[in-house]
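Just below is one structure, and these are the notes that go with it.
2 protein chains.
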Amino acid sequence: MSLSHILLGLLREPSTGYDLKAVLSDRIRHFWSAEISQIYPALKRLEQRRLLQSRVEPSPKGPNRKIYMLTEEGREELLDWLRGGPVIGTERFAYLAQVYFMDALGDFRETRAFMISVRDHFSRVLAHLQAIECEVTDTAGHMPECYSDADFHRFVTLRMGILSVKSKVVWCDETIESIDRRLAGGPLDNKPNISLAQPTHRQALEAREDCSG
Amino acid sequence: MSLSHILLGLLREPSTGYDLKAVLSDRIRHFWSAEISQIYPALKRLEQRRLLQSRVEPSPKGPNRKIYMLTEEGREELLDWLRGGPVIGTERFAYLAQVYFMDALGDFRETRAFMISVRDHFSRVLAHLQAIECEVTDTAGHMPECYSDADFHRFVTLRMGILSVKSKVVWCDETIESIDRRLAGGPLDNKPNISLAQPTHRQALEAREDCSG
DNA sequence: TAGGCCATGTAATGTGTTACATGATTAG
DNA sequence: CTAATCATGTAACACATTACATGGCCTA
């Protein structure tokens, strides 16, 4: 139920569904996303649960605006969520699944091209996040310790985005280099197919002491 | 549609729904997960689409086993997916959303405790992945360039898991240190609330040249 | 006048989780 | 005797994406 809570969090300042979508696309993008068509019914449900209330105002441009704001119950719900400890869900990376099975193509140059295009994507995302970081440190300084409470928390999530995307670019580089070493070694086919397929996590855990000890 | 494709990938070796679930929990966990109740209908749909076929065999233990295997069409579909370029979806991190709004609690010690518990989680995940890595390099050597094709691709996704989780631990440390510096500076309230809230991505992008140039 | 932005939504479909239902075998 | 593991599934619900529907205003 995280989208609901994100909407509650954003609605500490009254806003409309349309504007919330813009904020999500602008500043929340690196850790959450939602389509506008998902936001409208979510807001309606929150109002039915009395966590939000709304009023309608005419717009200078276009149709009437429906402005939502937090109720006291809404604020309580938000605080409960924040105090409830970290919500850590499963991460899903389809492109990793693709890599996992890509031996089926039987050609490392395909994997290489794939990795180049992944790297390309993430280095673009990285540049984007760093541009925002740069804009922030320019305005607010280089010591997040000194930011306002709100700015500090926002900045820290941006840092996470940067570190996490950086690690992906590093991974791409590492992998591409490894493929290149492999391709340079010439097409020596029929490498032995030991290990990796069989052992379970439990076995790996047991084997750990032999290894790092 | 990634779960279907993951099932196709795994079913290059015939298997049952039950066993596929075990593999998912064991070796795929760091980039995908699925409940068994999702797997059974997914397999059924794939069979209806003629990408899989099944036969039933008695089990030494418990009820009959339904063994699925890839059809030629299934293999085609798998290869198409692999050749279709990286599928990069939106990442969703509920705990980052929590941090983003945590200024609402008005107490950095709460954020600190939260971060400690996030760090704790990810350092456990990291230890787990490193144990597997260790088990692999022990068996198959330290040069992934020399692994079999299948092992190479599997190993590389494991590396991604390790790098990505590591970056999260680093982020936690960075953030906790920053909070500590802040708390050490004493409870100087009422910091100015400039920046960060207003500028859009587009503005940040425009501002970039001023900054990194 | 064509296309984009403002602003609201619904409907259909797809994906994922939780709970429920069944029943045999085996290890403690 | 009890609990776990083996092995299958269904049903209800929650969450997300895509497509569709409407219509005024503004800019090129």
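Chains as they are written, first to last, in this note's numbering: chain A, 88 to 300; chain B, 88 to 300. All residues carry an ideal CB built from backbone N, CA and C; glycine is no exception.
Check: Looking at the unbroken alpha helix (DSSP H) that takes in Arg-246 of chain B, where does it start and where does it end?; Outcome: 236–271
Check: Where do the ends of the beta strand (DSSP E) carrying Arg-116 of chain A lie?; Outcome: Careful: Arg-116 of chain A lies outside any beta strand (DSSP E) and carries neither H nor E.
Check: Note down, in chain order, each residue of its chain lying with its Cβ closer than 7 Å to the Cβ of Tyr-127 of chain A, except the 5 sequence neighbours on either side.; Outcome: Gly-104
Check: Please classify Met-88 of chain A as buried or exposed, where buried requires at least 16 other C-beta atoms within 10 Å of its C-beta.; Outcome: exposed
Check: Looking only at DSSP bridge pairs, what is Arg-142 of chain A linked to?; Outcome: A:Ile-154
Check: From the DSSP output, read off the bridge partner residues of Ser-89 of chain A.; Outcome: BP columns for Ser-89 of chain A are empty, so no partner.
Check: Lys-255 of chain A versus chain B: which residues are under 9 Å apart at the beta carbon?; Outcome: Met-247, Leu-250, Ser-251 and Ser-254
Check: Look at the alpha carbon of Thr-224 of chain B and the alpha carbon of Asp-225 of chain A, and state the distance between them as a whole number of angstroms.; Outcome: 45 Å
Check: Compute the Euclidean distance between the alpha carbons of Pro-147 of chain A and Ala-109 of chain A, then round it to the nearest angstrom.; Outcome: 18 Å
Check: At a cut of 8 Å, does the region 242–260 of chain B reach the region 240–252 of chain A through at least three beta carbon pairs?; Outcome: yes
Check: Counting only C-beta atoms, is Ser-146 of chain A closer than 9 Å to chain B at any point?; Outcome: no
Check: What residues of chain B sit near Ser-204 of chain A, judged by a beta carbon separation below 7 Å?; Outcome: Gly-172 and Pro-173
Check: Taking the C-alpha atoms as reference points, what is the distance between Glu-163 of chain A and Ala-214 of chain B?; Outcome: 37 Å
Check: Please classify Val-143 of chain B as buried or exposed, where buried requires at least 16 other C-beta atoms within 10 Å of its C-beta.; Outcome: exposed
Check: What residues of chain B sit near Ser-120 of chain A, judged by a beta carbon separation below 8 Å?; Outcome: Thr-177 and Arg-179
Check: Near Thr-158 of chain A, which residues of its chain fall below 8 Å by C-beta distance, leaving aside the five closest residues on each side in sequence?; Outcome: Arg-137, Leu-138, Leu-139 and Gln-140
Check: How many Å lie between Leu-97 of chain A and Arg-199 of chain B at the Cα?; Outcome: 22 Å
Check: Along chain B, which residues have their Cβ under 9 Å away from the Cβ of Asp-190 of chain A?; Outcome: Ser-235, Asp-236, Ala-237, Asp-238, Phe-239, His-240 and Arg-241
Check: Residues of chain A with CB under 7 Å from Tyr-155 of chain B, in chain order?; Outcome: Going along chain A, no residue has its Cβ under 7 Å from Tyr-155 of chain B, so there is no contact; the nearest lies around 16 Å.
Check: So Glu-232 of chain A and Ser-265 of chain B are in contact, right, with Cβ under 8 Å, and what is the actual spacing, rounded?; Outcome: 6 Å
Check: Would a C-beta distance cut-off of 9 Å place His-240 of chain A and Val-205 of chain B closer than the cut-off?; Outcome: no
Check: Taking Thr-244 of chain B as the reference, which of A:Leu-216, A:Ile-115, A:Arg-179 and A:Pro-173 has the closest Cα?; Outcome: A:Arg-179
Check: Considering only residues of the region 151–202 of chain B, which uninterrupted alpha helix (DSSP H) runs meet the minimum length of 4 residues and lie entirely inside it, listed in chain order?; Outcome: 159–170 and 181–188
Check: Let me know if Gly-161 of chain B comes out buried or exposed under the rule of 16 or more other beta-carbons within 10 Å of its beta-carbon.; Outcome: buried
Check: Report the rounded CA-to-CA distance for His-92 of chain B versus Leu-166 of chain B, giving the unit in angstroms.; Outcome: 10 Å
Check: Run down chain A in chain order and give the residues with a C-beta less than 9 Å from the C-beta of His-92 of chain B.; Outcome: Ala-181, Ala-184, Gln-185 and Phe-188
Check: Kindly list, in the order they appear in chain A, the residues whose Cβ is closer than 7 Å to that of Pro-231 of chain B.; Outcome: Ser-265
Check: Going by the CB atoms, is the gap between Asp-236 of chain A and Phe-195 of chain B shorter than 9 Å?; Outcome: yes
Check: Within the same chain, show all residues whose beta-carbon is closer than 8 Å to that of Glu-134 of chain B, passing over the 5 residues directly before and after it, in chain order.; Outcome: Gln-140, Ser-141 and Tyr-155
Check: With a 10 Å radius around its C-beta and 16 neighbouring C-beta atoms as the bar for buried, classify Ala-271 of chain B as buried or exposed.; Outcome: exposed
Check: Mark Gly-176 of chain A as exposed unless 16 or more other C-beta atoms lie within 10 angstroms of its C-beta, in which case mark it buried.; Outcome: exposed
Check: On a CA-only basis, which of A:Ala-129, A:Pro-145 and A:Phe-118 is nearest Val-305 of chain A? Give me that one, please.; Outcome: With chain A covering only 88 through 300, there is no way to say anything about residue 305 of chain A.
Check: For Arg-99 of chain B, which residues of its own chain have a beta-carbon under 7 Å away from its beta-carbon, when the five flanking residues on both sides are left out?; Outcome: Leu-157
Check: Within 10 Å of its beta-carbon, does Ser-124 of chain A have 16 or more other beta-carbons around it, so buried, or fewer, so exposed?; Outcome: exposed
Check: If contacts are defined as beta-carbon pairs under 8 Å, then Arg-246 of chain A and Glu-261 of chain B qualify, I think. What distance do you get, rounded to the angstrom?; Outcome: 7 Å
Check: Roughly how many angstroms lie between the CA atoms of Pro-173 of chain A and Ser-210 of chain B, to the nearest whole one?; Outcome: 14 Å
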